[in-house]
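Student: Here you go, one structure.
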Amino acid sequence: MTTFVLVVVGALQIVFMVATFGVLAAAKKRGTRGAAFELAIATKLRSSVRALILGQDRGEALAGQLALLPRAVASRQLRSIAVSQLGPEQRKSLAELVRNAPWVERTLAQGSSRSWWKRMEAARLLNVVMSQKDIPLLSALVHDQNAAVMSAAAGAIGWYADDALIRRIVRRLSGCASTVRQQQMRALRNHAPAATEVVVAELQAEKKPDQICALVQLAETLGTPRALAATVSFASHPDAEVRATVARALRSCFSAEAVEAARLLLEDSDWRVRAAAARAVASLKVDAAIPALQRALNDESWWVRFRSALALGSLGSAGEEALATAAISADGYASDMAVVVGGLTESARLELSA
Amino acid sequence: MTFPFLEVVPWASAPISVMAHVVIVYMLALNSFYALLLILSVPQLRRHWRISDDVNLRTLRAADVIPPISVLVPTFNEQNSIVASVLSFLSLEYPRHEVIVVNDGSTDATLQRLIDAYDLFRVPAAYPSVISTQGVRGYYRSRVHAKLVCIDKVNGGKGDALNAALNAARYPYVLAVDADTLIERDALLRLARPFLLGEDVAAVGATIRISNGSTIQHGRVIKAHVDRRSIPGIQTVEYLRAFLFGRLGWNSLGGGLIISGAFGLFKQGYLHAIGGYSPGTVTEDIDLVVRLHKYLRKTGSRDVITFVPDPVAWTEAPVTLKVLSTQRERWHRGLIATVLTHRDMMFNPRYGVTGMVAFPFYALGELLSPVVEAVGYVVFGVSLLLGIASLKMALVFLFVSLGYGFLLSLWAITLEEISFRRYTTTGDLLRLLWFSTIEAFGYRQLTVLYRLKAFPKYFRGDMSWGVMTREGPRAKAAVTGATT
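For the protein sequence lines, the chains are A and B, in the order given.
So for the first sequence, the numbering used here puts the first residue at 19; every next one is plus one.
So for the second sequence, the numbering used here puts the first residue at 44; every next one is plus one.
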């Protein structure tokens with residue numbers, strides 16, 4: 019019995035070991051060749067890239083060379099060149115030249131593959147070669163079930179997006195992973211007028227708190243006065259998360275309504291809202307909020323006291339005076355925080371306020 | 044051949060034979076579990092490999108959509124290396140990060156070197172003290188690097204220093220690093236990959252590699268090499284095995300129990316919720332991750348503890364047996380403390396896969412393996428001498444323990460060659476193969492012995508860190524772990 023076990027175990031290990039050495043040798047050879055091949059390709063493409071950058075051609079030579087490469091290599095090289103070496107115009111010109119090349123068509127056709135990594139490759143290439151006719155593909159990829167595909171496709175939104183796609187993206191923002199949502203919101207800045215219309219319309223319809231939060235964040239990212247103005251009415255929303263999101267957005271909303279809303283939110287029942295409101299009144303330079311900020315210096319939350327003190331420090335001489343008064347007041351909480359913030363340098367205050 | 048002794052005590056034959064069989068079954072089961080982790084790591088590696096893309100990383104960096112990170116750096120008596128270390132942390136590629144250095148009561152010129160190099164000035168304590176720590180003597184900011192914060196405090200140990208840094212951290216994610224860790228420039232960007240995969244992340248672990256033998260310039264590993272000396276060389280193989288499939292395989296099983304204290308990302312809110320690091324432990328990292336697992340389970344959180352293989356940090360391995368002994372004994376003592384402290388997790392379905400698989404593996408596998416292996420050497424030695432076990436039986440033991448271990452090392456090297464290929468020369472590959480071969484003859488038995496030393500030390504209540512001496516370019520002086 020022992021002999022049998024010994025033979026089986028020994029034989030299995032020897033076979034396995036020989037097989038592993040074989041795989042290892044093959045991997046070593048493949049890896050060395052692969053690295054040399056990629057280096058040779060990059061060197062070969064260099065003169066064509068230079069011709070495009072110097073305006074000697076529109077990218078015809080580079081497009082021709084890419085067509086001769088294996089599809090995966092061509093895609094990787096194109097993306098690398100476009101992202102790190104070309105300006106927007108050169109990139110657009112090259113995209114137009116390669117868009118209808120068979121290798122590009124085949125890669126983009128992977129957008130409907132069952133394998134997520136193939137869809138991701140299509141989404142990545144779309145970031146460079148996106149055209150009007152790719153909107154249906156982009157629409158599918160930005161709402162893919164795999165977050166990595168959604169993330170890869172987000173950059174292409176900035177190039178082309180029609181009203182229907184923008185509406186679809188905005189409506190589904192709250193369901194996305196936070197990183198993907200932020201990528202999509204940033205890409206929508208390239209379509210700010212259309213996106214603003216959608217945000218304003220969507221905020222008027224009845225929504226769940228998480229949807230409102232996503233819309234308010236988008237309004238803040240777009241930074242358009244109309245979109246930001248549409249968020250102010252949610253400052254009195256019953257959900258604290260919504261009020262906190264609005265308070266954060268108010269920082270860039272320069273209107274009388276926003277100022278009033280920020281002042282009211284300083285008295286909110288939730289500390290996150292009060293802290294965000296303190297930042298908002300600082301950003302909006304609301305001198306009238308100084309008494310409320312002084313009261314907030316003995317708030318039960320450390321963060322509200324800290325934000326309020328920083329806000330006072332940013333409100334000119336009147337704010338500094340209020341801070342100095344608080345520093346010598348009998349209220350221990352207020353004086354401690356006033357001393358802390360009063361002792362910070364200007365750059366430290368700016369850093370901490372960011 | 045049998046010895047007369049056996050004829051006097053014939054009853055010894057049966058129990059020794061049973062023990063020999065138990066040891067063989069145990070080693071077979073343990074190594075088979077490692078093999079399972081290896082198999083589970085392959086799809087994980089493919090997944091990360093597909094998404095890993097330099098162009099994508101550049102886009103990510105420009106997009107500023109990934110969460111900001113506070114880098115926490117506890118230091119103790121690191122005057123020779125601290126300035127270069129901090130500079131390397133400040134120059135990491137990431138859209139938004141801050142570096143919080145904690146001088147944990149150094150008795151040398153660590154703080155003064157920082158003050159001089161970064162033009163530090165005292166600022167008021169503009170941070171809430173959420174977690175209590177040893178007294179803070181002062182907070183400093185830099186006139187030349189807005190991202191740098193320095194805290195000078197009374198010595199309280201690494202966990203205590205990390206807690207002080209945690210109190211001052213402004214960003215939602217914190218990265219705990221050792222001051223002597225060399226982090227690759229784009230490691231933070233790669234560490235952020237789980238966010239792109241849409242995962243809600245409680246903690247992310249990453250790969251640690253051995254820097255001995257590599258070319259290092261300005262706090263970065265320029266060219267990776269395997270050290271020619273056997274002690275650091277064998278550790279290079281060990282680390283490949285541990286990180287490339289040991290930790291990656293756990294992703295498929297609900298996350299492992301270890302995120303290296305030298306390089307691990309955590310959601311700040313969770314660390315505050317569990318009370319931060321335990322100052323009294325000698326391995327603060329495993330204790331923290333176990334408590335985090337517990338907390339996530341208890342609160343029903345869906346956030347994950349995951350491992351990403353390609354962000355790399357480099358650490359210097361011990362080059363002498365004395366230092367290696369101290370390190371391995373301390374690691375094992377920490378493991379014993381953690382397992383005994385959290386023994387309620389053992390086979391507890393309330394903690395899901397962690398309670399039913401991960402924790403029992405660490406308790407019955409990692410913790411007990413040196414004991415069983417040592418018993419195996421003794422039992423087979425005695426059995427052979429007394430003629431109880433045959434030579435064939437002893438060979439089976441060697442095959443299932445040492446042979447199996449060698450095969451796992453071989454596969455770790457193969458995975459490395461297929462995926463990351465950090466060691467590009469044939470000489471390095473041959474050295475890895477050589478060290479994986481000789482590991483079983485002497486080195487492995489010594490590490491078993493070192494780990495065994497942890498048991499009496501733990502039960503004596505000894506919680507000292509011991510002394511770690513460094514020889515690398517950034518640490519010419521002796522560097523000790525923080526003393527408690």
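Idealized CB from N, CA, C, for every residue including glycine.
Would you verify that the beta carbon of Thr87 of chain A is, or is not, closer than 8 Å to some beta carbon of chain B?
Tutor: Numbered from its first residue, the first sequence carries residue 87 of chain A at position 69. Per the sequence presented here, residue 87 of chain A reads as Leu, with Thr not at that position. No, Leu87 of chain A does not count as interfacial toward chain B.
Student: Determine the direct distance from the alpha carbon of Thr457 of chain B to that of Arg252 of chain B, and round the result to whole angstroms.
Tutor: By one-based count along the second sequence, residue 252 of chain B stands at place 209. By one-based count along the second sequence, residue 457 of chain B stands at place 414. Rounded to the nearest angstrom, the two C-alpha atoms are 16 Å apart.
Student: Nearest-angstrom Cα distance between Ala232 of chain A and Pro361 of chain B?
Tutor: Locating residue 232 of chain A in the first sequence gives position 214, where the first residue counts as 1. Locating residue 361 of chain B in the second sequence gives position 318, where the first residue counts as 1. Cα to Cα, Ala232 of chain A sits roughly 51 Å from Pro361 of chain B.
Student: What runs of the alpha helix (DSSP H), each 4 residues or longer, lie entirely inside the stretch 312 to 351 of chain B?
Tutor: 327 to 342
Student: Between A:Gln200, A:Asp305, A:Leu302, A:Ser326, which has its C-alpha nearest Leu311 of chain A's C-alpha?
Tutor: The count along the first sequence starts at 1 and reaches residue 311 of chain A at position 293. Of the listed residues, the one whose Cα sits closest to Leu311 of chain A is A:Ser326.
Student: Alpha helix (DSSP H) containing His64 of chain B: first to last residue?
Tutor: Within the second sequence, numbered from 1, the residue matching residue 64 of chain B stands at position 21. Segment 56 to 94, the alpha helix (DSSP H) holding His64 of chain B.
Student: What residue does the beta strand (DSSP E) around Ile32 of chain A start on, and which one ends it?
Tutor: Looking up residue 32 of chain A in the first sequence gives position 14. Run containing Ile32 of chain A: none in the beta strand (DSSP E); it sits in the alpha helix (DSSP H), 20 to 71.
Student: For a contact defined as C-beta to C-beta under 7 Å, what are the partners of Phe34 of chain A on chain B?
Tutor: For the purposes of this step, residue 34 of chain A is identified with residue 16 of the first sequence, where counting begins at 1. The contacting residues are Leu450.
Student: Can you give, in chain order, each stretch of the beta strand (DSSP E) that sits fully within the stretch 97 to 156 of chain B and has at least 3 residues?
Tutor: For the stretch 97 to 156 of chain B, the continuous beta strand (DSSP E) assignments of 3+ residues that do not extend past its boundaries occur at 112 to 118, 140 to 147, in sequence order.
Student: Does the distance from the CB of Gly262 of chain B to the CB of Ser131 of chain B come in under 8 Å?
Tutor: Walking along the second sequence from the start, residue 262 of chain B turns up at place 219. Walking along the second sequence from the start, residue 131 of chain B turns up at place 88. Going by C-beta atoms, Gly262 of chain B is nearer than 8 Å to Ser131 of chain B.
Student: Would you tell me roughly how many angstroms separate the C-alpha atoms of Ala520 of chain B and Ser133 of chain A, rounded to the nearest one?
Tutor: Counting from 1 along the second sequence, the entry for residue 520 of chain B is found at position 477. Counting from 1 along the first sequence, the entry for residue 133 of chain A is found at position 115. Confidence in Ala520 of chain B is poor, its pLDDT being 37 and thus under 50, which makes the residue's placement unreliable; the coordinate value appears in the next sentence. Distance between the alpha carbons of Ala520 of chain B and Ser133 of chain A is about 53 Å.
Student: Does any CB atom of chain A fall closer than 8 Å to the CB of Asn99 of chain B?
Tutor: To locate residue 99 of chain B, count along the second sequence from 1; it is residue 56. Yes, its Cβ sits closer than 8 Å to a Cβ of chain A.
Student: In whole angstroms, what is the alpha-carbon distance linking Thr61 of chain A and Leu143 of chain A?
Tutor: Against the first sequence, residue 61 of chain A aligns to sequence position 43. Against the first sequence, residue 143 of chain A aligns to sequence position 125. Near 22 Å, if we compare the C-alpha coordinates of Leu143 of chain A and Thr61 of chain A.
Student: So which residues of chain A does Pro167 of chain B contact, with C-beta pairs closer than 7 Å?
Tutor: Looking up residue 167 of chain B in the second sequence gives position 124. In chain order: Val357, Val358, Gly361, Leu362.
Student: Which residues in chain B have a C-beta closer than 7 Å to the C-beta of Ala166 of chain A? List them in chain order.
Tutor: In the first sequence, residue 166 of chain A corresponds to position 148, counting from 1. Within 7 Å Cβ-Cβ: Ile94, Leu239, Leu240.
Student: Residue ranges of each beta strand (DSSP E) run of no fewer than 3 residues wholly in the stretch 183 to 246 of chain B, ordered along the chain?
Tutor: 191 to 196, 216 to 220
Student: Using a Cβ-Cβ distance cut-off of 8 Å, determine whether Pro392 of chain B contacts chain A.
Tutor: The residue given as residue 392 of chain B occupies position 349 in the second sequence. Not closer than 8 Å to any Cβ of chain A, the Cβ of Pro392 of chain B fails to qualify, so no.
Student: Under a three-way DSSP split, which group does Ala119 of chain A fall into?
Tutor: Locating residue 119 of chain A in the first sequence gives position 101, where the first residue counts as 1. If DSSP states are grouped into helix, strand and coil, Ala119 of chain A belongs with coil.
Student: So, at 6 Å on beta carbons, what are the nonlocal neighbours of Val61 of chain B in its own chain, with the 5 sequence-adjacent residues on each side left out?
Tutor: The residue given as residue 61 of chain B occupies position 18 in the second sequence. Hits under 6 Å: none found.
Student: Short check: CB of Leu328 of chain A to CB of Arg367 of chain A, under 8 Å?
Tutor: The residue labelled residue 328 of chain A in the question sits at position 310 within the first sequence. The residue labelled residue 367 of chain A in the question sits at position 349 within the first sequence. Taking 8 Å as the Cβ cut-off, Leu328 of chain A and Arg367 of chain A qualify as a contacting pair.
Student: So what's Gln229 of chain A in DSSP terms, helix, strand or just coil?
Tutor: For this step, residue 229 of chain A is matched to residue 211 along the first sequence. DSSP, reduced to helix, strand and coil, places Gln229 of chain A within a helical segment of the structure shown.
Student: Based on Cα-Cα distance, which residue from A:Glu107, A:Leu84, A:Ala182, A:Met19 lies nearest to Val122 of chain A?
Tutor: What you label residue 122 of chain A is simply residue 104 of the first sequence in a count that begins at 1. Per the Cα distances, A:Leu84.
Student: Across which residues does DSSP place Gln260 of chain B in a beta bridge pair?
Tutor: By 1-based counting over the second sequence, the position of residue 260 of chain B is 217. Answer by DSSP bridge pairing, in chain order: B:Arg263.
Student: For chain B, check one thing: does any of its Cβ atoms lie closer than 8 Å to the Cβ of Val198 of chain A?
Tutor: In the first sequence, counting from the first residue as 1, residue 198 of chain A sits at position 180. Chain B has a Cβ within less than 8 Å of the Cβ of Val198 of chain A.
Student: If you count every other CB in all the chains shown that lies within 10 Å of the CB of Gly524 of chain B, and 16 or more means buried, which is it?
Tutor: The count along the second sequence starts at 1 and reaches residue 524 of chain B at position 481. Model confidence at Gly524 of chain B stands at a pLDDT of 37, short of 50, so the residue's coordinates are unreliable and nothing is read from them.
Student: Who are the near neighbours of Glu259 of chain A in its chain, counting only those whose CB is closer than 7 Å to its CB and skipping five residues on each side?
Tutor: As a working mapping, residue 259 of chain A is identified with position 241 in the first sequence. These residues qualify, in order along the chain: Pro227, Cys231.
Student: Please confirm if Gly28 of chain A has its CB atom under 8 Å from at least one CB of chain B.
Tutor: Taking the first residue of the first sequence as 1, we reach residue 28 of chain A at position 10. Cβ-Cβ to chain B under 8 Å: yes for Gly28 of chain A.
Student: Just the C-alpha distance for Ala276 of chain A and Ala235 of chain B, rounded to the nearest angstrom, thanks.
Tutor: Indexing the first sequence from 1 puts residue 276 of chain A at position 258. Indexing the second sequence from 1 puts residue 235 of chain B at position 192. So the alpha carbons of these two residues sit roughly 35 Å apart.
Student: Residue ranges of each alpha helix (DSSP H) run of no fewer than 4 residues wholly in the stretch 178 to 209 of chain A, ordered along the chain?
Tutor: 181 to 190, 196 to 206
Student: Return the chain-ordered list of same chain residues with a C-beta closer than 8 Å to the C-beta of Pro237 of chain B, the five sequence neighbours on each side being excluded.
Tutor: As a working note, residue 237 of chain B is residue 194 in the second sequence. Cβ neighbours of Pro237 of chain B within its own chain (closer than 8 Å, five residues either side excluded): Val244, Val247, Val347, Thr349, Val351.
Student: Excluding the five sequence neighbours on either side, which residues of its own chain have a C-beta within less than 6 Å of the C-beta of Arg189 of chain A, listed in chain order?
Tutor: Position 171 of the first sequence holds residue 189 of chain A. Counting only Cβ-Cβ distances below 6 Å, and skipping sequence neighbours, we find nothing.
Student: Given this structure, state the Cα-to-Cα distance separating Gly82 of chain A from Val116 of chain A, to the nearest angstrom.
Tutor: As a first step, residue 82 of chain A is located in the first sequence; it is residue number 64 there, counting from the start. As a first step, residue 116 of chain A is located in the first sequence; it is residue number 98 there, counting from the start. Gly82 of chain A and Val116 of chain A have their alpha carbons spaced roughly 9 Å apart.
Student: Evaluate Gly448 of chain B with the Cβ neighbour count: other Cβ atoms within 10 Å of its Cβ, from every protein chain shown; 16 or more gives buried, anything less gives exposed.
Tutor: Here residue 448 of chain B refers to the residue found at position 405 when the second sequence is read from its first residue. With 16 or more Cβ atoms within 10 Å of its Cβ, Gly448 of chain B is classed as buried.
Student: Are the Cβ atoms of Tyr214 of chain B and Ser185 of chain B separated by less than 8 Å?
Tutor: Your numbering for residue 214 of chain B matches position 171 in the second sequence. Your numbering for residue 185 of chain B matches position 142 in the second sequence. Going by C-beta atoms, Tyr214 of chain B is not nearer than 8 Å to Ser185 of chain B.
Student: Buried or exposed: which applies to Gln108 of chain A, given that a residue is buried once 16 or more other Cβ atoms fall within 10 Å of its Cβ?
Tutor: Along the first sequence, one-based indexing puts residue 108 of chain A at 90. Buried is the call here.
Student: So that I know if they touch, is there some Cβ in chain B lying closer than 8 Å to that of Lys46 of chain A?
Tutor: Position 28 of the first sequence, counted from the first residue, corresponds to residue 46 of chain A. For Lys46 of chain A, the closest Cβ of chain B is nearer than 8 Å.
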